[in-house]
Amino acid sequence: MGFYVDPAFFVLAAIAVVPAIVLGINERSLFGYSLVVSGLFLLLLFFYDLQQGAAFVFFCVLSTALFLWVKHLFATKHPHAVALYRLALAITMAPLVIYKIAAVFDGNLLGFLGISYITFKALQVLIEVRDGLITDMSVLEYLGFLVFFTPFTSGPIMRSRTFVEDARTHLSRHDYLDGLTRGAFLFLLGAFYKFVLAALSSWAQWFTPEFIGAGTFLASFAGESCIAFFYGLYLFFDFAGYSLMAIGLGSVFGVRVPRNFNAPFISLDIKDFWNRWHMSLSFWLRDFVFMRLTRALLKRKVFASRVNTACAGYLANMTIMGFWHGITPDYIIYGIYHGLLLSACELFQKKSKLYAAHKDEPWFKLCSWAITMIAVFFGFSLFSGQVSRLILGA
Amino acid sequence: MDAQREEQLLKLIEEICADPVVREERDMDLFDVGLLDSMAAIELLVGIEGEFGISIAPTEVEREEMNTVNLILKRVEERL
Numbered sequence: 000m001g002f003y004v005d006p007a008f009f010v011l012a013a014i015a016v017v018p019a020i021v022l023g024i025n026e027r028s029l030f031g032y033s034l035v036v037s038g039l040f041l042l043l044l045f046f047y048d049l050q051q052g053a054a055f056v057f058f059c060v061l062s063t064a065l066f067l068w069v070k071h072l073f074a075t076k077h078p079h080a081v082a083l084y085r086l087a088l089a090i091t092m093a094p095l096v097i098y099k100i101a102a103v104f105d106g107n108l109l110g111f112l113g114i115s116y117i118t119f120k121a122l123q124v125l126i127e128v129r130d131g132l133i134t135d136m137s138v139l140e141y142l143g144f145l146v147f148f149t150p151f152t153s154g155p156i157m158r159s160r161t162f163v164e165d166a167r168t169h170l171s172r173h174d175y176l177d178g179l180t181r182g183a184f185l186f187l188l189g190a191f192y193k194f195v196l197a198a199l200s201s202w203a204q205w206f207t208p209e210f211i212g213a214g215t216f217l218a219s220f221a222g223e224s225c226i227a228f229f230y231g232l233y234l235f236f237d238f239a240g241y242s243l244m245a246i247g248l249g250s251v252f253g254v255r256v257p258r259n260f261n262a263p264f265i266s267l268d269i270k271d272f273w274n275r276w277h278m279s280l281s282f283w284l285r286d287f288v289f290m291r292l293t294r295a296l297l298k299r300k301v302f303a304s305r306v307n308t309a310c311a312g313y314l315a316n317m318t319i320m321g322f323w324h325g326i327t328p329d330y331i332i333y334g335i336y337h338g339l340l341l342s343a344c345e346l347f348q349k350k351s352k353l354y355a356a357h358k359d360e361p362w363f364k365l366c367s368w369a370i371t372m373i374a375v376f377f378g379f380s381l382f383s384g385q386v387s388r389l390i391l392g393a
Numbered sequence: 000m001d002a003q004r005e006e007q008l009l010k011l012i013e014e015i016c017a018d019p020v021v022r023e024e025r026d027m028d029l030f031d032v033g034l035l036d037s038m039a040a041i042e043l044l045v046g047i048e049g050e051f052g053i054s055i056a057p058t059e060v061e062r063e064e065m066n067t068v069n070l071i072l073k074r075v076e077e078r079l
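Read top to bottom, the protein sequences are chains A and B.
Per numbering that gives the first Met the number 0, the first sequence runs over residues 0 to 393.
Per numbering that gives the first Met the number 0, the second sequence runs over residues 0 to 79.
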C-alpha cells in the first residue's frame with residue numbers, strides 16, 4: 000500500500016484518525032496510540048514485499064542497539080566514547096550506503112521504502128547524544144520517532160527533540176483542536192496541490208504550445224524550456240502537496256512535523272532558495288554536515304579565508320545531497336551544480352562591489368530573482384535527467 | 000557579564016558581521032538583515048569557544064534564541 004497514493008491509504012487513515020481525535024479531545028496522551036497505528040501502517044506498507052520488510056526490521060534493531068550503546072558510552076563517560084561514537088555513525092550509515100551502491104548495479108541489498116529518511120533521523124539522534132543534547136530519550140520514544148508513519152516514506156525529516164517534546168505533552172483540548180483544525184486545512188491544501196495542481200503541471204509538460212513551431216533550434220529550445228518549467232512546477236506541487244498532507248495528518252496525532260516548503264519561487268538568491276525548498280532536508284544538512292564541517296575546517300585553519308571555508312562547506316554539503324538522492328550521474332551533477340551555485344553566490348555577496356552598492360534596490364532584486372529562477376529551473380532539468388537526455392541524444 | 004568581557008564579545012560580533020551597526024542596534028535580527036548566515040554563525044560559535052572557552056553545539060540553541068546581539072550576550076552569559 001503506497002502512502003498518499005493508494006485510495007486504501009486514505010480510507011484507513013480516515014478510520015485511524017477517529018480514535019486519535021477522541022483521545023485528543025479528552026486530553027489523553029496520543030503517543031501510545033500513534034505508535035500502534037504507525038506499526039499497522041508500516042505492516043501494510045511492507046506486507047507485499049517481505050524482503051523490504053526484513054531490511055526495515057533489521058535497520059530498526061541495529062539502530063536502536065547503536066542508540067542505546069552510544070547513550071551508555073556518553074552517560075558513563077567511556078574513555079573512547081568519541082571514537083566508538085564515530086564507529087556507530089558509520090554502522091548506522093552502512094545499510095543506506097550499501098543499498099545505494101547496490102542500486103547502481105540494479106540490485107536491492109538492505110533497502111526499503113523510506114531508508115534515506117530513516118537513516119538521517121537515526122544519525123541526528125546519535126550526533127545530538129554526543130553533543131549532550133539528548134540524555135533521557137527512551138527506547139520507545141526512539142522507535143516511535145523512527146517509525147512515525149505520516150512522514151515515513153518521503154519526509155519531511157523530523158527532529159527527535161521536537162518529537163519527544165510532543166510525545167510527552169498532554170495538549171489541552173483547546174490547543175489540540177487548534178492543531179487539528181490547522182492540520183485538516185493543511186491536509187486538504189496538500190491534497191489539492193498533489194491531485195489537482197501537480198497533475199495539471201505534469202500533464203502540461205507534454206503540451207508544446209503551437210506558436211512555438213518546430214524544426215528550428217530556437218523552437219526546440221523553447222519547447223524544452225516549457226517542459227522544464229512545468230516539470231519544476233510538478234515537482235513542487237507534488238512534493239509540497241505530499242509534505243502538507245504528512246504535516247496535517249501528523250497534527251491529528253499531536254505531532255509537529257516540520258514545514259518543508261516556504262514559497263520557494265519568490266527566492267531572491269540561491270541561498271534564499273535553499274531556505275525555502277525541501278527545508279527539512281536542507282536544514283538537516285546545514286546543521287549536521289555544513290556547520291560541523293566548517294567548524295572543523297575553521298578550528299584547524301585549513302583555509303586561509305572564511306569565504307574559501309564556506310565554499311568548501313557548500314560544495315561538500317550539496318554533493319552529499321546529490322548522493323543522498325541516489326548514485327546516478329544526474330543526481331550527483333545536480334548536487335555539485337547547487338554546491339557551485341551556492342559558492343558563486345557566497346563569493347559574489349562577500350566580494351562584489353556591485354552587490355554591496357545595489358543589493359537593496361528594486362531593479363537589482365528583480366534581476367537577482369530572475370537569475371535565481373533560471374538557475375533553479377535549470378537545476379530541476381538536471382535532476383529530472385532532461386539535460387543528460389538531450390546531451391546524450393537518447 | 001563584566002564590561003571587559005562584553006566588549007570582547009561585541010568586538011567578535013562586529014568582526015564577524017563586518018558592520019559596526021551591531022553595537023547600536025542590539026535587538027536587530029542579524030539573520031533577517033543578512034549580517035549572519037550559517038557560515039558566520041559557525042564563526043561566531045568557534046570564536047566564542049576560542050575566547051571564552053564555552054562550547055555551544057550547532058543545534059544546541061534555536062536560531063530564534065540567538066539571532067540578536069542581546070540574545071548572543073545572554074546565551075554566553077548563561078554559560079560563563
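Note that CB positions come from ideal geometry on N, CA and C, so glycine has one too.
Check: Using a Cβ cut-off of 7 Å (strictly closer), state whether Met-244(A) contacts chain B.; Outcome: no
Check: With a threshold of 7 Å between beta-carbons, can Met-65(B) be considered close to chain A, or not?; Outcome: no
Check: Once the 5 residues before and after Leu-179(A) are set aside, which same chain residues still bring their CB inside 8 Å of it?; Outcome: Ile-20, Gly-23, Ser-250 and Val-251
Check: Quick one: which chain B residues come within Cβ less than 8 Å of Leu-297(A)?; Outcome: Ile-41, Glu-42 and Val-45
Check: Restricting to Cα atoms, I'd like to know which of Lys-270(A), Trp-276(A) and Ile-226(A) is closest to Ser-383(A).; Outcome: Ile-226(A)
Check: Mind checking which residues open and close the alpha helix (DSSP H) that includes His-357(A)?; Outcome: 352-357
Check: I think Gly-312(A) touches Phe-289(A), with their Cβ atoms under 8 Å apart; what is that distance to the nearest whole Å?; Outcome: 5 Å
Check: Within its chain, find whatever has a CB closer than 7 Å to the CB of Ala-309(A); leave out the 5 residues flanking it on each side and keep chain order.; Outcome: Thr-293 and Glu-345
Check: So, at 7 Å on beta carbons, what are the nonlocal neighbours of Val-256(A) in its own chain, with the 5 sequence-adjacent residues on each side left out?; Outcome: Thr-149, Pro-150, Pro-155, Met-157, Ala-245, Ile-246 and Gly-249
Check: Using a beta-carbon distance cut-off of less than 7 Å, what residues from the segment 313-336 of chain A approach chain B?; Outcome: none
Check: Are the beta-carbon atoms belonging to His-337(A) and Tyr-330(A) less than 7 Å from one another?; Outcome: no
Check: If we call anything under 7 Å between Cβ atoms a contact, is Val-163(A) one with Met-136(A)?; Outcome: yes
Check: Considering only the alpha carbon of each residue, which of Leu-139(A), Asn-261(A) and Thr-63(A) lies closest to Ser-37(A)?; Outcome: Leu-139(A)
Check: Please work out which residues of its chain come closer than 8 Å, Cβ to Cβ, to Ala-74(A), disregarding the five sequence neighbours upstream and downstream, and give them in chain order.; Outcome: Thr-134
Check: Is it the case that the Cβ atoms of Leu-98(A) and Leu-108(A) are separated by a distance below 7 Å?; Outcome: A small fix is needed here, since residue 98(A) is Tyr in this sequence, not Leu. Contact: yes.
Check: What residue from Gly-33(B), Phe-30(B) and Glu-48(B) has the CA that sits closest to Leu-11(B)'s CA?; Outcome: Glu-48(B)
Check: Establish whether the CB of Met-27(B) and some CB of chain A are separated by less than 7 Å.; Outcome: no
Check: In the DSSP assignment, find the unbroken alpha helix (DSSP H) run with Trp-368(A) in it and report its ends.; Outcome: 361-382
Check: Find the residues of chain A that neighbour Pro-19(B), judging by a C-beta separation of less than 7 Å, and give them in chain order.; Outcome: Simply none; closest approach about 15 Å.
Check: What do you reckon, are the CB atoms on Thr-152(A) and Phe-8(A) nearer than 7 Å?; Outcome: no
Check: Identify whether Ser-28(A) lies in helix, strand or coil by the three-state DSSP scheme.; Outcome: coil
Check: Using the beta-carbon count (16 or more within 10 Å), is Ala-40(B) buried or exposed?; Outcome: buried
Check: Let me know if His-277(A) comes out buried or exposed under the rule of 16 or more other beta-carbons within 10 Å of its beta-carbon.; Outcome: buried
Check: How would you label Tyr-47(A), buried or exposed, when you count the other beta carbons within 10 angstroms and need 16 or more for buried?; Outcome: exposed
Check: Just the C-alpha distance for Ser-171(A) and Ser-33(A), rounded to the nearest angstrom, thanks.; Outcome: 18 Å
Check: Which residue wins for smallest C-alpha separation from Lys-349(A), given the options Val-68(B), Gln-7(B) and Leu-35(B)?; Outcome: Leu-35(B)
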